[in-house]
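The next block holds one structure in the form of structure tokens; read it before the comments.
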Amino acid sequence: MDPGSTTGTLPQGPPLLTWLLRQGDDNLILAQRLGELIAGMPELEEDIAVANLALDHLGQARNLYQYAAELDPTGRDEDDLAMDRSEREFLNAVLVEQPNGDFATTMIRQLLVDAYQVPLYEALSSSTDDRLAGIGAKAVKEARYHLDHSSGWVVTLGDGTGESHRRAQAALDALWRFGDDLLAADDVEAELAAAGIVPDPAALRPTFGSTVRAVLTEANLAVPDDPYQRIGGRTGFHTAALGHLLPELQWLHRAHPGATW
Amino acid sequence: MMAESGAPTMEDLRKVVGAVTDPELPPLTLVDLGILRSVEEVDDGEATTVVVTVTPTYSGCPAVEYIEEEIAKVLDAAGCERFRVERSLNPAWTTDWVTADGRRKLTELGIAPPGPAAGPTPVTLGRRAPRAPVVACPRCGAVDTEVVSAFGSTACKALYRCRACSEPFDHFKAI
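Going line by line, the protein sequences match chains U and G.
Numbering that gives the first Met the number 0 numbers the first residue of the first sequence as 0 and each following residue consecutively.
Numbering that gives the first Met the number 0 numbers the first residue of the second sequence as 0 and each following residue consecutively.
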């Protein structure tokens, strides 16, 4: 669907600033979602896992935001970028803002993100921009480890008991329509990809698709037959879920601007 | 040892910076972990500045800022007046940079050191199966060990158990 006039606000500045916010926001918002689960997972090992996943995503967000801050013509720092932007200014894919739901929902969402980020960071590690290459080379090791974990759980749940299969399929059916937003692209990606600075999202699609399908096949899960894809996060057009997430993420910083400890 | 008078030598500074330890793994120094990339003098016109370059282990490693503060503290204490600490992301840190001394200290702490990280880490798509390489128990040396949790107490570790001596232990993941 065309976000049309409901589109959000792209930052003033170079295309790379927009790209860094898109990818940084994916990681920050997902880290916040995963953080909500800490101390609430079904077993201790998963509690530790979800905290580690969140920490990796938060670290990736910071690396991207720190670079973005250097390019920002209005002089915002990484905290301003994370804490002082409103819903329409966030450029994450709508998938990552979706609520945690049950454990199957959390793991299906993670699988889709991991299947996207592994080829993204792999390609980024050979960027013509040395700093992005470093960020990608670091992050790809983390993303591979995440994919190992999420794919393992999706197979365990999908090919598990009747109840776990039913829930995994329901989670997949509900989240499927948010998958393509990860790969949505416009002039920003086109211009940067032409210069070899970031990968062309279209080039990531085959690996993304084959990874997801391989896991779903082994998990005995059916690829949803849902032609609708909700696009728009990359231009600030979000689902209702983000509006509820941001206050919890940002309230402390907004209540006590500039506080440090 | 500091020079008797005047500014500390580069050798002094390399020594004090290299001896800074990791807050999560106290006996291991920045040199042991391969985090310290260089300590160099840079001539920026009027005077020389000592530039210390470190590389983070994981994107979200919370120890990086603490380590940078510690470096500033020891340089200050050593009498170094002009310095800055820089972070380098490229090339990305790998556990292959952990020194032989570092590996020995890990084992002494009861943490199984990382194996070689050469090449991209293979992704095991699918079933939750033995996903990790064979890791020897740091206590009894047995290789009959199993993964308890792929994620551990810090980003760099996974939790294992030895089937021979029944002891749980941390493994420093090879990346």
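Every residue gets a Cβ at the ideal spot worked out from N, C-alpha and C, and that includes glycine.
For V84 (chain G), the closest C-alpha among the options G:E40, G:A157, G:T93 is that of G:E40.
Per DSSP, the continuous alpha helix (DSSP H) segment holding Y65 (chain G) begins and ends at 62-76. As the crow flies, the alpha-carbon of R166 (chain U) is around 10 Å from that of G159 (chain U). Comparing alpha carbon positions, the residue from U:N51, U:R143, U:N219 closest to P61 (chain G) is U:N51.
For the segment 108-165 of chain U, the continuous alpha helix (DSSP H) assignments of 4+ residues that do not extend past its boundaries occur at 129-157, in sequence order. T8 (chain G) is classed as exposed because its beta carbon has fewer than 16 other beta carbons within 10 Å across all chains shown. Selection U:G133, U:V112, U:A81, U:A38 evaluated against S58 (chain G) yields U:G133 as nearest (Cα-Cα). Between the C-alpha atoms of H237 (chain U) and V146 (chain G) there is a straight-line separation of about 40 Å.
A residue is called buried once 16 or more other Cβ atoms fall within 10 Å of its Cβ, and I37 (chain U), having fewer, is exposed. What P90 (chain G) touches in chain U, judged by beta-carbon distance under 8 Å, is G133, A136, going in chain order. Measuring C-alpha to C-alpha distances from S124 (chain U) to each of U:R108, U:V112, U:A142 identifies U:A142 as the nearest. Of all alpha-carbon atoms in U:D101, U:R87, U:R204, U:D224, the one lying nearest the alpha-carbon of D113 (chain U) is that of U:R204. At a Cβ-Cβ threshold of 8 Å, L182 (chain U) and L15 (chain U) do not count as neighbours.
Inclusion of V153 (chain U) and V214 (chain U) in the CB contact set at 8 Å is warranted, their separation being smaller than that value. Here D100 (chain G) is not near P115 (chain G), since their CB atoms are 8 Å or more apart. The straight-line gap separating the alpha-carbon atoms of T47 (chain G) and F82 (chain G) is approximately 9 Å. By a beta-carbon distance limit of 8 Å, L94 (chain U) does not contact F207 (chain U). Their separation comes to about 12 Å.
Among the residues facing chain U, S37 (chain G) is not included, as its CB has no counterpart in that chain under 8 Å away. When rounded, the separation of the alpha-carbon atoms in A202 (chain U) and L19 (chain U) is 18 Å. In this structure, DSSP gives S58 (chain G) a state outside helix and strand, which the three-state scheme calls coil. What G151 (chain G) touches in chain U, judged by beta-carbon distance under 9 Å, is I47, N51, going in chain order.
Along the segment 36-60 of chain G, the positions whose C-beta sits under 8 Å from a C-beta of chain U are P55, Y57, S58, G59, C60, read in chain order. For D186 (chain U), no CB of chain G lies under 8 Å from its own CB, so it is not counted at the interface with that chain. With a beta-carbon spacing of about 5 Å, E77 (chain U) and Q65 (chain U) fall inside the 8 Å limit used to define contacts. For H170 (chain G), the enclosing beta strand (DSSP E) starts and ends at 167-171. Residues of the segment 134-160 of chain G that bring their beta carbon within less than 9 Å of a beta carbon in chain U comprise V147, S148, A149, F150, G151, S152, T153, A154, L158, in sequence order.
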